[in-house]
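Participant: Let me give you the structure first, and then I'll get to my questions.
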Amino acid sequence: MLDTTYAKTEQMLVPGEYIELAVSDSGHGISKDDLDHIFEPFYTTKPHEKGTGLGLSMVFGFTRRSKGYIRVYSEPGIGTTIRCYLPRSVEKTAGKEIPLTKNIQLPHGQETILVVDDEEDLIELAQQCLEDLGYTVVTAASGIQAMEVLAENPSIDLLFSDIVMPGGINGYELAEQAEASHPGIKVLLTSGYTGKAVAHNGQARFAANILSNPHTKTELAQGVRKMLDGVKGDKTA
């Protein structure tokens, strides 16, 4: 379910129910410069005899003709995930209908949350959702900037951060530094890459509650509240 709030960040996206197809690799990743062109016909980074540059443009064309949506997450040195969303059919099928969604009362709060991401649209999306739920939100665009914000705001209750960001500090390292400087702070990490960055020694505990990106407002609200209330995830560190 891609909701109205998320759709505001993407001009071609219509809110609604979709079938998601995610294809992920563990290659070198795609540079930000190349990401701006990968769906253009005949654009390729391969040698002339190795590729035509038509593969992804064909995928993009098929997806758009199907009134779908496609997004690429790529993290240098880790890999790439391409998420293709195709609209769920509303045609009736034989058999008993099972309701897919329920009205859920979203949990609210009054705590202060630091949102960290190098993508401005994702920061704005998270900030809007969390402020709608009653939280006070401060933001940062990198791990280094986040530590500066933490130093200026000792009352921050939860760190909500992307895992892989430029600037030399990833989400796991930021979480460790935040805990060291602010004992008692809660941490919720997020990633759009299905493989996720690898957690090193002592960091595995942060991987137990990673929130997949994109996520709905409901998933964000429940994830944040679970961490603030001290409810442990299903996975073990």
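Note that this note's numbering has the sequence shown beginning at 1352, numbered continuously upward. Cβ atoms here follow ideal geometry from the backbone N, Cα and C, with glycine treated the same way. In this text the structure is predicted, and so the values were computed from the model without any measurement.
#1: Report yes if the CB atom of Asp-1508 is closer than 8 angstroms to the CB atom of Thr-1569, and no otherwise.
#2: Determine the direct distance from the alpha carbon of Asp-1483 to that of Gln-1461, and round the result to whole angstroms.
#3: Please classify Glu-1426: is it buried, with 16 or more other beta-carbons within 10 angstroms of its beta-carbon, or exposed?
#4: Can you have a look at Arg-1434 and say buried or exposed, based on whether 16 or more other CB atoms are within 10 angstroms of its CB?
#5: Tell me Arg-1556's beta-bridge partners as DSSP assigns them.
#6: Does DSSP classify Arg-1434 as helix, strand or coil?
#7: Roughly how many angstroms separate the alpha carbons of Val-1365 and Glu-1471, rounded to a whole number?
#8: Under 8 angstroms between the Cβ atoms of Thr-1487 and Gln-1478?
#9: Can you tell me which of Ser-1506, Leu-1481, Ala-1572 and Ile-1514 puts its alpha carbon nearest to the alpha carbon of Gly-1494?
#10: Pick helix, strand or coil for Tyr-1486, following the three-state DSSP scheme.
#11: Between the stretch 1386 to 1396 and the stretch 1510 to 1530, are three or more C-beta pairs nearer than 8 angstroms?
#12: Can you tell which of Ile-1421, Gln-1496 and Glu-1361 has the C-alpha that lies nearest to the C-alpha of Leu-1372?
#13: Can you tell me which of the three DSSP states Glu-1426 falls into?
#14: Identify the continuous alpha helix (DSSP H) that holds Ala-1373 and give its terminal residues.
#15: For Met-1352 and Thr-1567, which I take to be in contact (beta-carbon distance under 8 angstroms), what is that distance rounded to the nearest angstrom?
#16: Would the beta-carbon of Tyr-1436 fall within 8 angstroms of that of Gly-1543?
#17: What residues in its chain sit with their C-beta under 6 angstroms from that of Lys-1418, if we drop five residues either side in the sequence?
#18: I'd like the list of long-range same chain contacts for Ser-1532, defined as Cβ closer than 7 angstroms, with 5 residues on each side in sequence excluded.
#19: Would you check if the distance between the CB atom of Gly-1380 and the CB atom of Ile-1455 is smaller than 8 angstroms?
Facilitator: In short, the structure shows the following:
#1: no
#2: 11 angstroms
#3: buried
#4: buried
#5: Partner(s): none; Arg-1556 has no beta bridge.
#6: strand
#7: 21 angstroms
#8: no
#9: Ile-1514
#10: coil
#11: no
#12: Ile-1421
#13: strand
#14: Careful: Ala-1373 lies outside any alpha helix (DSSP H), inside the beta strand (DSSP E) at 1369 to 1376.
#15: 6 angstroms
#16: no
#17: Pro-1438
#18: Leu-1501
#19: no
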